[in-house]
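A.B. asks: Under the working numbering, the first residue of the sequence shown is numbered 479, with each subsequent residue one higher.
All C-beta atoms, glycine included, are put in the ideal place defined by N, C-alpha and C.
If you're wondering where the values come from, they're calculated on a predicted model, not measured in any experiment.
Below: one structure in structure tokens.
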Amino acid sequence: MTNPTPIDASIRRRSRWYWRGALSTLGVIGILVYLQFGQAAPDTKAERGSKNRPPFGERPDAPAVVAIQSAGSGDFPVYLNALGTVTALRTVTVKSRVDGELVKVNFSEGQMVKAGDLLAEIDPRPFQVQLQQAQGQLTRDQALLQNAELDRVRYQTLLEQDSIAAQQTVTQESQVKQYRGNVEMDQAQVDNAKLQLGYAKLTAPISGRAGLRQVDQGNIVRASDVNGLVVITQLQPISVVFTLPEDKLPDVVKRYREGQEIGIEAYDRAGKTKLADGKLIALDNQIDPTTGTLKLKAQFDNREQTLFANQFVNIRMHLDTLRGVTQIPSAALQHDSQGAFVYVVDAENIAHLRRVEPGPSEGEKVAIADRIAPGEALIVTGIDRVKDGGAVDVAEKDGQAVAARPELQPKPADESGQRRRRG
């Protein structure tokens with residue numbers, strides 16, 4: 479047997495240190511894996527179990543903590559809601575009726591104008607010249623007519639004296655008629671020239687708000703221009719066109735035919751800010767077969783000028799007012815496969831499920847025709863843990879906090895027991 483050399487001994491020592499290091503490394507990795515994943519399972523199980531437990535601090539059989547509100551009574555307005563578009567009663571594009579240079583603009587963009595206000599002027603000189611020519615022609619023909627009439631009278635006298643032939647008198651009578659026709663034609667030319675001269679001044683045909691100017695001063699405008707000078711939109715009064723489903727129409731038509739004034743409120747796009755008050759003025763004569771709706775028109779005085787043409791608005795139609803009806807919070811109304819219901823809480827804090835027939839709603843209130851009496855307490859929050867015939871713990875009533883019942887309050891710790899545990 480050969481003795482190990484120093485080199486062999488060194489190799490064996492290095493091999494032992496290598497395996498010891500490898501085992502130590504594996505041990506550290508195992509501990510880290512355990513800390514990372516081995517402790518996660520209990521937490522996950524705890525989370526799964528917590529889903530079936532009541533809220534922290536409550537016993538599994540503890541009554542549901544709820545908030546209640548009392549049913550009220552009073553007049554309840556009935557509204558129909560719709561979407562509408564503001565439509566101007568009249569919109570006019572101001573155009574020139576004659577061709578010429580635009581020499582003056584007398585309005586500002588966005589200005590409120592009245593019917594008859596002078597908006598712009600076209601160079602009047604060409605039309606003044608035409609008027610003078612027509613007036614000169616008229617004066618000349620009037621003089622010829624006057625002379626012909628004098629000759630006719632003179633010829634008539636001579637005819638009576640048998641001094642001239644009758645044919646000469648007839649010819650003179652025809653001459654008078656011819657000159658009279660010329661005078662009438664000249665007068666028409668004068669009137670037309672005056673009209674053309676008047677067209678050189680552009681006035682507002684209606685009262686309303688002027689839009690943006692389409693032509694600047696100094697340009698040549700023509701009667702054939704499409705855009706015109708400016709668009710004027712009537713804002714006071716103004717109308718809104720909206721639609722209602724055909725199943726909502728009977729009550730509206732009945733009140734409209736009876737001559738009752740049906741109030742209309744216009745709100746902004748978000749439905750939060752009221753813009754104007756108006757009234758229903760017209761119903762269309764046919765229902766749109768594609769949508770099953772009918773167009774209606776409301777008119778607004780628009781004194782504050784809050785409505786603009788083509789503006790999108792929310793419409794509320796005040797259709798009726800229910801007198802002395804029971805009202806409940808909309809949060810109390812629940813629905814299931816059998817219909818609508820509420821939970822009523824009695825004096826013993828016991829919840830009772832009660833089926834109801836909801837009526838019209840407005841805001842956070844719902845009208846109820848029967849089965850709910852004014853003053854009865856209805857659950858509005860915490861309904862998910864409430865059971866029919868089960869006890870509830872009222873934490874809030876009509877917006878005011880309510881003290882918890884003594885049996886639900888946590889009991890004080892046993893001091894002697896604490897001492898024993900400390901010992």
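List, from N- to C-terminal side, the beta strand (DSSP E) runs of 3 residues or more that fit wholly inside the segment 625-691.
C.D. replies: Those beta strand (DSSP E) runs which fall completely within the segment 625-691 and span 3+ residues are 679-681, 686-688.
A.B. asks: Cα separation between TYR557 and ARG691?
C.D. replies: Translated into the one-based positions of the sequence shown, residue 557 becomes position 79. Translated into the one-based positions of the sequence shown, residue 691 becomes position 213. Those two C-alpha atoms are separated by around 42 Å.
A.B. asks: Got a sec, what are the start and stop residues for the beta strand (DSSP E) LEU707 sits in?
C.D. replies: Position 229 of the sequence shown, counted from the first residue, corresponds to residue 707. LEU707 -> no beta strand (DSSP E), and no H or E assigned at all.
A.B. asks: Whole angstroms is fine: what's the gap from GLY578's alpha carbon to GLN610's?
C.D. replies: On the sequence shown, residue 578 is found 100 positions in, with the first residue counted as 1. On the sequence shown, residue 610 is found 132 positions in, with the first residue counted as 1. Rounded to the nearest angstrom, the two C-alpha atoms are 18 Å apart.
A.B. asks: Tell me the residue span of the beta strand (DSSP E) that contains LYS875.
C.D. replies: Position 397 of the sequence shown holds residue 875. 870-875 is the extent of the beta strand (DSSP E) around LYS875.
A.B. asks: What is the residue span of the beta strand (DSSP E) that ASP746 lies within?
C.D. replies: Sequence index remark: in the sequence shown, residue 746 carries index 268 (1-based). Taken as a continuous stretch (DSSP letters only), ASP746 belongs to no beta strand (DSSP E), as it is neither H nor E.
A.B. asks: Determine which residues share a DSSP beta bridge with LYS582 and list them.
C.D. replies: Against the sequence shown, residue 582 aligns to sequence position 104. LYS582 pairs with GLU599.
A.B. asks: Cα separation between GLU662 and LYS592?
C.D. replies: Working through the sequence shown from its first residue, we reach residue 662 at position 184. Working through the sequence shown from its first residue, we reach residue 592 at position 114. Using only the alpha carbons, I get a separation of about 37 Å.
A.B. asks: Keeping to the same chain, check which residues put their C-beta closer than 6 Å to that of LYS875; ignore five residues upstream and five downstream.
C.D. replies: Here residue 875 refers to the residue found at position 397 of the sequence shown. If we look at LYS875 and ignore the five residues flanking it on each side, its Cβ neighbours are ILE546.
A.B. asks: Helix, strand or coil: which one does DSSP assign to GLN816?
C.D. replies: Stepping through the sequence shown from its first residue, residue 816 is reached at position 338. Here GLN816 sits in coil by DSSP.
A.B. asks: So, is GLN517 buried or exposed, given that buried needs 16 or more other C-beta atoms within 10 angstroms?
C.D. replies: Numbered from its first residue, the sequence shown carries residue 517 at position 39. A caution first: GLN517 carries a pLDDT of 48, below 50, which makes its placement in the model too unreliable to give a value.
A.B. asks: Would you kindly report the start and end of the unbroken alpha helix (DSSP H) that includes ASP729?
C.D. replies: In the sequence shown, residue 729 corresponds to position 251, counting from 1. Its alpha helix (DSSP H) spans residues 727-735.
A.B. asks: Identify, in the order they occur along the chain, each residue of the same chain with its Cβ nearer than 8 Å to the Cβ of GLY689, setting aside the five sequence neighbours on each side.
C.D. replies: The residue you call residue 689 lines up with position 211 of the sequence shown. The answer, listed in chain order, is GLU587, GLY588, VAL708, VAL709, ILE710, THR711.
A.B. asks: Let's test the definition: count the other Cβ atoms within 10 Å of the Cβ of LEU713 and tell me whether it reaches 16, buried, or not, exposed.
C.D. replies: As a first step, residue 713 is located in the sequence shown; it is residue number 235 there, counting from the start. With 16 or more other Cβ atoms within 10 Å, it is buried.
A.B. asks: Could you tell me the alpha carbon to alpha carbon distance between ASN788 and ALA754, rounded to whole angstroms?
C.D. replies: Against the sequence shown, residue 788 aligns to sequence position 310. Against the sequence shown, residue 754 aligns to sequence position 276. Distance between the alpha carbons of ASN788 and ALA754 is about 15 Å.
A.B. asks: Spatial neighbours of SER528 within its chain, please: CB distance less than 8 Å, with the 5 preceding and 5 following residues excluded, ordered by chain position.
C.D. replies: In the sequence shown, counting from the first residue as 1, residue 528 sits at position 50. With a pLDDT of only 40 at SER528, under 50, the local geometry of the prediction cannot be trusted, and no value is derived from it.
A.B. asks: Would ARG833 pass as a contact of GLY817 if the rule is Cβ separation under 8 Å?
C.D. replies: If you number the sequence shown from 1, residue 833 lands on position 355. If you number the sequence shown from 1, residue 817 lands on position 339. Contact flag set, yes.
A.B. asks: LEU637 to ASP629, Cα distance in whole Å?
C.D. replies: Position 159 of the sequence shown, counted from the first residue, corresponds to residue 637. Position 151 of the sequence shown, counted from the first residue, corresponds to residue 629. Going by the C-alpha atoms only, they are around 12 Å apart.
A.B. asks: Give the secondary structure of SER839 by DSSP, where H, G and I count as helix, E and B as strand, and everything else as coil.
C.D. replies: Taking the sequence shown and counting its residues from 1, the one referred to as residue 839 is at position 361. Strand.
A.B. asks: When DSSP labels each residue in this structure, what does GLY802 get in the three-state scheme?
C.D. replies: Against the sequence shown, residue 802 aligns to sequence position 324. Of the three classes helix, strand and coil, the one that applies to GLY802 here is strand, per DSSP.
A.B. asks: Here's the rule I'm using: 16 or more other beta-carbon atoms within 10 Å means buried, otherwise exposed. How should LEU597 be labelled?
C.D. replies: To locate residue 597, count along the sequence shown from 1; it is residue 119. LEU597 should be labelled buried.
A.B. asks: Kindly say whether ASP725, judged by its beta-carbon, lies nearer than 8 Å to any beta-carbon of chain C.
C.D. replies: Annotation note: the requested chain C is absent from the structure, which comprises a single protein chain.
A.B. asks: With 16 as the cutoff for other CB atoms within 10 Å, does ILE673 come out buried or exposed?
C.D. replies: Numbered from 1 along the sequence shown, position 195 holds the residue referred to as residue 673. In the sequence as presented, Ile is not what sits at residue 673; that position holds Leu. So LEU673 counts as exposed.
A.B. asks: DSSP beta-bridge partners for LEU856?
C.D. replies: Here residue 856 refers to the residue found at position 378 of the sequence shown. GLN547, VAL822.
A.B. asks: Could you check the C-alpha separation between VAL872 and ALA748 for me, to the nearest Å?
C.D. replies: By one-based count along the sequence shown, residue 872 stands at place 394. By one-based count along the sequence shown, residue 748 stands at place 270. The alpha-carbon atoms of VAL872 and ALA748 are separated by roughly 36 Å.
A.B. asks: Mapping DSSP to helix, strand and coil, what is ILE861?
C.D. replies: Counting from 1 along the sequence shown, the entry for residue 861 is found at position 383. It is helical.
A.B. asks: Would you grab the beta carbon distance between LEU758 and PHE554 for me? Rounded to a whole angstrom, and I think it's under 8 Å.
C.D. replies: On the sequence shown, position 280 is the one that residue 758 refers to. On the sequence shown, position 76 is the one that residue 554 refers to. Incorrect: roughly 21 Å between the Cβ atoms, too far for contact.
A.B. asks: Compute the Euclidean distance between the alpha carbons of VAL654 and GLU627, then round it to the nearest angstrom.
C.D. replies: Sequence index remark: in the sequence shown, residue 654 carries index 176 (1-based). Sequence index remark: in the sequence shown, residue 627 carries index 149 (1-based). Roughly 6 Å between the two C-alpha positions.
A.B. asks: Taking only the alpha-carbon atoms, compute the straight-line gap between SER551 and GLN812 and give it to the nearest angstrom.
C.D. replies: Residue 551 sits at position 73 when you count from the first residue of the sequence shown. Residue 812 sits at position 334 when you count from the first residue of the sequence shown. Cα to Cα, SER551 sits roughly 20 Å from GLN812.
A.B. asks: So, with DSSP's three-state summary, where would you put PRO723?
C.D. replies: As a first step, residue 723 is located in the sequence shown; it is residue number 245 there, counting from the start. PRO723: strand per DSSP, three-state reduction.
A.B. asks: On the criterion of 16 or more Cβ atoms from any shown chain inside 10 Å, does ALA744 qualify as buried, or is it exposed?
C.D. replies: Here residue 744 is taken as the residue at index 266 of the sequence shown, counted from 1. Per the 10 Å Cβ criterion, buried.
A.B. asks: Let me check understanding here. Comparing Cα to Cα, which of ASN827, ASP601, PRO836 lies closest to VAL880?
C.D. replies: Counting from 1 along the sequence shown, the entry for residue 880 is found at position 402. Answer by Cα proximity: ASN827.
A.B. asks: What three-state label does DSSP hand GLN878 in the structure shown?
C.D. replies: The residue given as residue 878 occupies position 400 in the sequence shown. Strand.
A.B. asks: Within 10 angstroms of the Cβ of ASP561, are there 16 or more other Cβ atoms? Answer buried if so, exposed if not.
C.D. replies: Reading the sequence shown from its first residue, position 83 is the one you call residue 561. Per the sequence shown, the amino acid found at residue 561 is Leu instead of Asp. Answer is exposed; the Cβ neighbour count stays below 16.
A.B. asks: In angstroms with no decimal places, state the Cα-to-Cα distance between ALA809 and PRO541.
C.D. replies: By 1-based counting over the sequence shown, the position of residue 809 is 331. By 1-based counting over the sequence shown, the position of residue 541 is 63. Using only the alpha carbons, I get a separation of about 20 Å.
A.B. asks: By the three-class DSSP mapping on this structure, what secondary structure does PRO604 have?
C.D. replies: For this step, residue 604 is matched to residue 126 along the sequence shown. PRO604: helix per DSSP, three-state reduction.
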